[in-house]
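Reviewing the structure listed below.
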Amino acid sequence: SKLWQARFFRTANHLRDLPRLNVPEIAFVGRSNAGKSSAINTLCNQKNLAYASRTPGRTQHINFFSIGGAHVAQHRHDPVDENKVELFLVDLPGYGYAQISGTAKEHWQKLLSDYLITRPQLSGLILVMDSRHPFQPLDVSLLEWFAVTGKPIHCLLTKADKLNRRESSEALKQVDTILRSYIDENGHPFPFSAQLFSSTKRTGLKEATAFILNLAGQ
Ligand code: GDP
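Position one of the sequence shown corresponds to residue 2 (UniProt numbering), numbered consecutively onward.
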């Protein structure tokens, strides 16, 4: 898949650090421990792409992975040709960190909401939720305030390998029903969708990849 070309591009801790390229961005967001890093690594077929940036102190930052402008076969540290970047996968800070408090928390909440609401390059959101307990309060509030952008949200229901066939199809059905219940003032549904995903079993990989590339116009 094209996503296998993914390379670490940049960490941003302030809006001014965001890449100044006019290429589509697909952002991954979710509660910490939902399986976001594993999903990014699985989609990009790399063991440490998203974990590498999860070292303490960098969890609150926005990490950009570029697709295009470098080849997997090249040395990891060769610079990416910025003019040839075709899309960015964006790893947003996981929410629900109890240990972060005060100004640090306020800083990243503002960075996260500013990015999500005002970023023109942002094409859509991948909302990562554990298939066993989707729609935790923070997921719901994120979904509701991002909806105003009119941009798509695709839910990855992770760790689907922990559910049997009946349970997982039931989980997907329930999530679809909830997503369809969101309608705008004209009675139209929001561009929300969902699928099952497992990083360990690699299920849902094709569907998620197709969604991302399609959203990015690739
Ligand atoms: P993040 O905090 O959202 O980035 O979550 P991680 O990707 O670090 O995953 C959190 C925990 O869930 C880790 O122990 C992973 O090994 C585990 N995990 C992630 N994805 C899966 C999956 O698809 N299946 C199973 N069984 N475990 C998973």
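Each residue gets a CB set at the ideal place from its N, CA and C atoms; glycine is no exception.
Short check: CB of residue 122 to CB of residue 32, under 8 Å? No, the pair does not count as a contact, with Cβ atoms beyond the cut-off.
Alpha carbons only, please: which of 61, 142, 69 and 150 is nearest the one belonging to residue 106? 61
For ligand 1, is there a heavy atom less than 7 Å away from the beta-carbon of residue 162? yes
When the Cα of residue 47 is compared with those of 167, 14 and 2, which residue comes out closest? 2
Is it true that the CB of residue 29 sits closer than 8 Å to the CB of residue 141? It is not a contact, given that the beta carbons lie outside the stated cut-off.
Beta-carbon proximity list for residue 118, same chain, < 7 Å, skipping 5 on both sides: 150
Using a Cβ-Cβ cutoff of less than 6 Å, which residues in the same chain neighbour residue 194 once the five nearest sequence positions on both sides are dropped? 155
Under a Cβ-count criterion, where at least 16 other Cβ atoms within 10 Å of its own Cβ denotes burial, should residue 219 be classed as buried or exposed? exposed
In angstroms with no decimal places, state the Cα-to-Cα distance between residue 147 and residue 176. 17 Å
One or two residues paired with residue 90 in a DSSP bridge: 27 and 66
Please state whether DSSP places residue 50 in a helix, a strand or coil. coil
Can you give, in chain order, each stretch of the beta strand (DSSP E) that sits fully within the region 152-180 and has at least 3 residues? 154-159
Tell me the rounded alpha-carbon separation between residue 65 and residue 71. 14 Å
Within its chain, find whatever has a CB closer than 7 Å to the CB of residue 214; leave out the 5 residues flanking it on each side and keep chain order. 3
Would you check if the distance between the CB atom of residue 172 and the CB atom of residue 132 is smaller than 8 Å? yes
Residues that DSSP places opposite residue 32 in a beta bridge: 96
Which residues in the same chain have their Cβ closer than 7 Å to the Cβ of residue 210, if we skip the five residues on either side of it in sequence? 2, 4 and 44
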